[in-house]
Amino acid sequence: MTTAHFYCQYCTASLLGKKYVLKDDSPYCVTCYDRVFSNYCEECKKPIESDSKDLCYKDRHWHEGCFKCTKCNHSLVEKPFAAKDERLLCTECYSNECSSKCFHCKRTIMPGSRKMEFKGNYWHETCFVCENCRQPIGTKPLISKESGNYCVPCFEKEFAHYCNFCKKVITSGGITFCDQLWHKECFLCSGCRKDLCEEQFMSRDDYPFC
0 MTTAHFYCQY CTASLLGKKY VLKDDSPYCV TCYDRVFSNY CEECKKPIES
50 DSKDLCYKDR HWHEGCFKCT KCNHSLVEKP FAAKDERLLC TECYSNECSS
100 KCFHCKRTIM PGSRKMEFKG NYWHETCFVC ENCRQPIGTK PLISKESGNY
150 CVPCFEKEFA HYCNFCKKVI TSGGITFCDQ LWHKECFLCS GCRKDLCEEQ
200 FMSRDDYPFC
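Numbered by numbering that gives the first Met the number 0, the letters in the sequence shown go through residues 0 to 209 in order.
Structure follows, in structure tokens:
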């Protein structure tokens, strides 16, 4: 560019010996550049002038000094952050505000850590344990009672009743006959094996018959 043509592209003022900014290979005086091209800061609503650093996130702009967590006001420059409802939050504030809370210890389940979900509640993996043996349940089968969650071996040991016919655990329901428990599907006529759950029957030697 020759000195004869060295003028501001917008106001045509001479730029010789003056500070200027190039945009698309065209020179602008600082005043015109700031007036025409500056983005406006999301926080303070003032223009981000050419002598300031412009920080951009999803087509939104901030002064470097305005780029802060909206909750704790700490700077987010060169730090990890997250956005919620168009608000910028540092990872700690985001976790406290948005992350699930452990049903057992009531502490935040940090992003990236493994969590367990059961009946609409969340646990840290290390907090989701059998009420009896205190071992983590993880994804193993469990049985829930009002007193807590139990792994199957502990539940059977502590609470389960056994079917008088098949000798296996009755986990729910069941039929009582002669002070003994049966699975509904095991309560059959001792002679013809007919289902007696909703039938009249008689007893002989403590065995049911249709």
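Note that CB positions come from ideal geometry on N, CA and C, so glycine has one too.
What you are looking at is a predicted structure, and each value in this text was computed from that prediction instead of being measured.
Paired residues, beta bridge with residue i - DSSP
i: L88; result: A81
i: L187; result: D194
i: G173; result: Looking at the DSSP assignment, G173 forms no beta bridge with any residue, so it has no partner.
i: T107; result: K100
i: V128; result: P135
Where the beta strand (DSSP E) containing residue i begins and where it ends
i: C31; result: Segment V29 to F36 is the alpha helix (DSSP H) holding C31; no beta strand (DSSP E) there.
i: C55; result: D53 to Y56
i: C180; result: The question names Cys, but residue 180 is Leu in the sequence shown. Counting along the chain, the beta strand (DSSP E) containing L180 begins and ends at Q179 to W181.
i: N120; result: N120 to H123
i: F117; result: K114 to F117
i: S143; result: L141 to K144
i: K45; result: Segment: none, K45 is in no beta strand (DSSP E) and carries neither H nor E.
i: Y19; result: Y19 to K22
i: H73; result: It is not in any beta strand (DSSP E) - H73 carries neither H nor E in the DSSP assignment.
Cα-Cα separation between residue i and residue j, rounded to whole angstroms
i: S49; j: G16; result: 18 Å
i: S112; j: G119; result: 18 Å
i: T90; j: K67; result: 12 Å
i: E197; j: L180; result: 16 Å
i: H182; j: V128; result: 29 Å
i: R192; j: K139; result: 35 Å
i: P152; j: M115; result: 20 Å
i: C209; j: E184; result: 15 Å
The ligand ATP heavy atom lying under 7 Å from the CB of residue i
i: P26; result: With respect to small molecules bound, the structure shown includes none, and the ligand ATP cannot be examined in it.
N-terminal and C-terminal residue of the alpha helix (DSSP H) that residue i is part of
i: V151; result: V151 to E157
Reference residue i, options the options, closest by Cα
i: Y94; options: C104, F80, F102 and H103; result: At residue 94 the sequence reads Ser, which differs from the Tyr that was named. Checked all of C104, F80, F102 and H103; the closest Cα to S94 is F80.
i: C92; options: F102, M109, V76 and H103; result: M109
i: P210; options: F164, S25 and G172; result: Any question about residue 210 goes unanswered here, given that the chain covers just 0 to 209.
i: C177; options: S171, F5, C126 and F186; result: F186
i: C71; options: E96, D84, K57 and Q8; result: E96
i: E42; options: D53, D23, C65 and D33; result: C65
i: L87; options: C104, T107, L54 and E157; result: L54
i: N148; options: W122, C10, D23 and N38; result: W122
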